[in-house]
Amino acid sequence: DVKVTQSSRYLVKRTGEKVFLECVQDMDHENMFWYRQDPGLGLRLIYFSYDVKMKEKGDIPEGYSVSREKKERFSLILESASTNQTSMYLCASSSGLAGGFWNEQFFGPGTRLTVL
Amino acid sequence: GENVEQHPSTLSVQEGDSAVIKCTYSDSASNYFPWYKQELGKRPQLIIDIRSNVGEKKDQRIAVTLNKTAKHFSLHITETQPEDSAVYFCAASKGAGSYQLTFGKGTKLSVIP
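As given, the protein sequences belong to chains A and B, one line each in that order.
If you count the first sequence from 1, position 75 lands on 69 in the working numbering, and the numbers rise without skipping.
Quick note, the working numbering runs 100 ahead of the 1-based positions in the second sequence.
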């Protein structure tokens, strides 16, 4: 079974703090993703990585950065947390393209971040 | 970029009835269309997906259809059960060979016993 874990289920931070969200997958997947989930807005991609030290911006990268130093670990960084970054953050991973088609994304349990 | 519209946003059905959720996409190069189910307080999980080289796929009570010409795809759940109650998300790949998925905003399905 693929296992994607996230460092915290719940996190409360103050405005202006630097926040680190960690994600680890144990299936040697090439691709890792960070989404945020807000009611009525679905899942929106923040950043993704298709290899170690490689990253690409998703649809809403402003205010976030990422780090992937090891294949199994993908970190999301909020340099200076703001109240509008209060949200559920979901990490996902998938293996590489097969025959030109996508493979399933496996999600972590999510981190509910509250910024006060 | 890719845009995925999902309808309806909420759906209530009686147990045993069928449920249909529809999605449209904008990028004609998209070639992969998964559906995810998210139960309350849990992570999204893939329930079925379809690739652009097929028009329909079934898995027990769940089926997905794809119309590439019209750029829409649908999820059909037959003989609904209370455990089908969840939020369902459709998604589309951002063009052939892209690493990204674009998700719809979700449909909250309630199955009334």
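Beta carbons are placed, not taken as given, at the ideal position from N, Cα and C, and that holds for glycine.
Note that the structure is a prediction, hence the values are computed from the model and not measured.
Find out if the Cβ-Cβ distance for the pair residue i, residue j is shorter than 9 Å.
{"i": "residue 59/A", "j": "residue 109/A", "result": "no"}
{"i": "residue 122/B", "j": "residue 185/B", "result": "no"}
{"i": "residue 118/B", "j": "residue 177/B", "result": "yes"}
{"i": "residue 4/A", "j": "residue 105/A", "result": "yes"}
{"i": "residue 116/B", "j": "residue 180/B", "result": "yes"}
{"i": "residue 88/A", "j": "residue 68/A", "result": "no"}
{"i": "residue 165/B", "j": "residue 150/B", "result": "yes"}
{"i": "residue -3/A", "j": "residue 31/A", "result": "no"}
Which residue marks the beginning of the beta strand (DSSP E) containing residue i, and which one marks its end?
{"i": "residue 143/B", "result": "Note, residue 143/B: premise wrong, no beta strand (DSSP E); not H, not E."}
{"i": "residue 39/A", "result": "36 to 45"}
{"i": "residue 132/B", "result": "132 to 138"}
{"i": "residue 162/B", "result": "162 to 167"}
{"i": "residue -1/A", "result": "-2 to 0"}
{"i": "residue 172/B", "result": "172 to 177"}
{"i": "residue 4/A", "result": "4 to 7"}
Can you name, in chain order, every residue of its own chain whose Cβ lies under 8 Å from the Cβ of residue i, other than the five neighbours on each side?
{"i": "residue 191/B", "result": "104, 133, 134, 135, 136, 201, 202, 203, 204"}
{"i": "residue 97/A", "result": "88, 89, 90, 91"}
{"i": "residue 47/A", "result": "62, 63"}
What does a CB cutoff of less than 6 Å around residue i pick up in its chain, not counting 5 residues either side in sequence?
{"i": "residue 13/A", "result": "7, 72, 75"}
{"i": "residue 2/A", "result": "105"}
Relative to the C-alpha of residue i, which residue among the options is closest?
{"i": "residue 211/B", "options": "194/B, 193/B, 188/B, 182/B", "result": "182/B"}
{"i": "residue 37/A", "options": "213/B, 172/B, 106/B", "result": "106/B"}
{"i": "residue 168/B", "options": "158/B, 127/B, 142/B, 111/B", "result": "127/B"}
{"i": "residue 43/A", "options": "56/A, 25/A, 34/A", "result": "25/A"}
{"i": "residue 199/B", "options": "78/A, 39/A, 66/A, 65/A", "result": "39/A"}
Run the CB neighbour count on residue i, radius 10 Å, all protein chains shown included, and call it buried at 16 or more, exposed below.
{"i": "residue 144/B", "result": "buried"}
{"i": "residue 194/B", "result": "buried"}
{"i": "residue 153/B", "result": "exposed"}
{"i": "residue 81/A", "result": "buried"}
{"i": "residue 140/B", "result": "exposed"}
Tell me which same chain residues have a C-beta within less than 7 Å of the C-beta of residue i, skipping the five on either side of it?
{"i": "residue 51/A", "result": "41"}
{"i": "residue 155/B", "result": "165, 166"}
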